[in-house]
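Q: Have a look at this one before I ask anything.
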Amino acid sequence: MKQMFRSTLTDLEEIQTFEPGSWINLVNPSQEESVKLAEQFNIDITDLRAPLDVEESSRITVEDDYTLIIVDVPTYEERNNKSYHITLPLGIIVTKDVVITTCVQPLTLFDYFFNKRIKNFYTFMKTRFVFQLLYRNAELFITALRSIDRQTDRISAHIDRATKNEQVIDMMELEKSIVYLKASLKLNERVVKKLAVRNSTLKKYVEDEDLLEDTLIETQQALEMADIYGNVLYAMTETSAAIISNNQNTIMKTLALMTMALDIPTVIFSAYGMNVPESGMPFGGQTNSFWVIAFISACLSAIVVINFLRKKWF
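Laid out in structure tokens, this is it:
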């Protein structure tokens with residue numbers, strides 16, 4: 337899918353034919369669309385389609401007619417009927433006349449721009465547009481990390497009663513998401529630092545340099561958050577496994593105590609069920625012998641239970 341946009345002084349308009357200073361957004365473009373666009377702007381087809389590979393690493397490629405910037409962006413993936421954070425490569429190609437963005441799927445990153453929530457955003461200010469994309473992307477990483485932290489809090493709020501591995505598995509999935517985000521942030525940080533170099537191929541103004549510096553700060557802040565949340569989540573995963581094991585042990589001890597308490601009446605009544613003369617058994621032949629024996633059995637079971645409770649054996 338291909339969309340083209342151009343900024344006016346007050347709005348962002350979708351256009352049908354290319355105009356200089358516009359923005360072309362590609363979402364999983366076909367081979368035919370890619371070839372046509374590559375020929376139109378003299379872009380290597382390999383560079384244009386590189387971001388469509390989900391394993392592509394963040395990097396900068398400088399050619400005579402364009403600069404290719406690939407960064408990772410946070411998004412979601414469904415696993416076990418739940419949404420978890422992953423990252424996908426986003427390609428940003430800057431030519432003399434146009435900025436081209438390409439990704440394998442639609443991104444929430446662009447909603448900021450489609451909904452006019454970015455100040456001083458103009459498609460014809462190509463360098464600033466690129467830096468605004470990178471800055472909002474860094475903010476999305478922070479948002480994703482905070483979302484993981486909230487999910488961790490929700491899981492840990494009920495972990496004290498957990499007896500299954502579901503909570504531990506959920507935490508392991510969150511831990512995996514943090515690993516993905518952290519790895520992507522490190523690669524993105526290298527790209528931002530390379531763009532900050534004075535001899536960068538992108539022409540920068542003072543405002544652009546300030547925006548790029550803010551982007552680097554946001555990226556580094558996200559990295560620090562990923563470190564902290566990752567360490568906390570790892571510790572909580574280990575603790576959760578121990579809590580679940582303890583809860584299961586408590587259940588097993590309770591079942592064992594109940595079995596022992598029920599075994600006492602079983603043994604007593606089994607003895608009375610044998611073919612033994614009534615005269616040879618206590619209370620044998622008495623009218624209320626059943627209730628007397630049942631009461632004694634219940635008392636013995638209660639003594640066993642109380643003894644276990646007093647000694648805190650479970």
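The sequence shown begins at 337 in the numbering used here and counts up one residue at a time.
We treat Cβ as the ideally placed atom computed from N, Cα and C, and that holds for glycine.
Keep in mind it's a predicted model, so treat the numbers as computed, not measured.
Does the region 467-487 come into contact with the region 357-370, if we say contact requires no fewer than three beta-carbon pairs (one atom in each stretch) closer than 8 Å?
A: no
Q: Going by DSSP, name the residue or residues bridged to residue 594.
A: DSSP, once it has assigned bridges, lists no residue as partnering residue 594.
Q: Helix, strand or coil: how does DSSP classify residue 561 here?
A: helix
Q: Spell out a yes or no on whether the region 458-468 and the region 536-554 are touching, meaning 3 or more CB-CB pairs, one atom from each, closer than 8 Å.
A: yes
Q: Residue 439 to residue 589, Cα distance in whole Å?
A: 55 Å
Q: Quick one: is residue 594 buried, meaning 16 or more other Cβ sit within 10 Å of its Cβ, or exposed?
A: exposed
Q: On a CA-only basis, which of 365, 630 and 577 is nearest residue 602? Give me that one, please.
A: Out of 365, 630 and 577, the CA that lies nearest to the CA of residue 602 is found in 630.
Q: If you draw a straight line from the C-alpha of residue 580 to the C-alpha of residue 571, how long is it?
A: So the two alpha carbons sit approximately 14 Å from each other.
Q: Going by C-alpha distance, which of 491, 344, 556 and 437 is nearest residue 373?
A: 437
Q: Rounding to the nearest angstrom, what Cα-Cα distance links residue 407 and residue 340 in this structure?
A: Straight-line Cα distance between these residues: approximately 21 Å.
Q: What is the C-beta distance between residue 412 and residue 509, in whole angstroms, given that I count them as a contact (C-beta under 8 Å)?
A: The pair is not a contact, with the Cβ atoms about 12 Å apart (cut-off 8 Å).
Q: Tell me where the beta strand (DSSP E) around residue 454 begins and ends.
A: For residue 454, there is no enclosing beta strand (DSSP E), as DSSP marks it with neither H nor E.
Q: Rounding to the nearest angstrom, what Cα-Cα distance links residue 410 and residue 431 in this structure?
A: 25 Å
Q: Relative to the C-alpha of residue 461, which candidate in 366, 539, 605 and 577 has its C-alpha closest?
A: For residue 461, the closest C-alpha among the options 366, 539, 605 and 577 is that of 539.
Q: Are the CB atoms of residue 517 and residue 394 within a distance shorter than 8 Å?
A: no
Q: On the premise that residue 641 lies in contact with residue 597, defined as a C-beta separation below 8 Å, what is that separation, rounded to the nearest angstrom?
A: 5 Å
Q: Helix, strand or coil for residue 631? Go by DSSP, reduced to three states.
A: Collapsing the DSSP output to three states places residue 631 in a helix.
Q: To which residues of the same chain is residue 520 closer than 6 Å at the C-beta, ignoring the five residues directly before and after it?
A: Here the set comprises 408 and 423.
Q: What runs of the beta strand (DSSP E), each 3 residues or longer, lie entirely inside the region 374-399?
A: Qualifying beta strand (DSSP E) stretches, in chain order: 395-398.
Q: Using only CA atoms, which one of 350, 346, 384 and 396 lies nearest to residue 530?
A: Restricting attention to 350, 346, 384 and 396, the CA atom closest to the CA of residue 530 is found in 396.
Q: Going by DSSP, which residues form a beta bridge with residue 443?
A: According to DSSP, residue 443 bridges with nothing at all.
Q: Since residue 450 and residue 343 should fall inside the 8 Å C-beta cutoff, what is the C-beta to C-beta distance between them, to a whole number of angstroms?
A: With a Cβ gap of about 12 Å, residue 450 and residue 343 do not count as contacting.
Q: Report the rounded CA-to-CA distance for residue 512 versus residue 525, giving the unit in angstroms.
A: 20 Å
Q: Pick from 635, 562 and 492: whose alpha carbon is nearest that of residue 575?
A: 492
Q: State the start and end residues of the unbroken beta strand (DSSP E) segment that holds residue 418.
A: 418-431
Q: In its own chain, which residues sit with a C-beta less than 6 Å from the C-beta of residue 377, not counting the 5 before and 5 after it?
A: 431
Q: Starting from the C-beta of residue 350, find all residues in its chain whose C-beta is less than 8 Å away, skip the five residues before and the five after it, and write them out in chain order.
A: 339, 340 and 341
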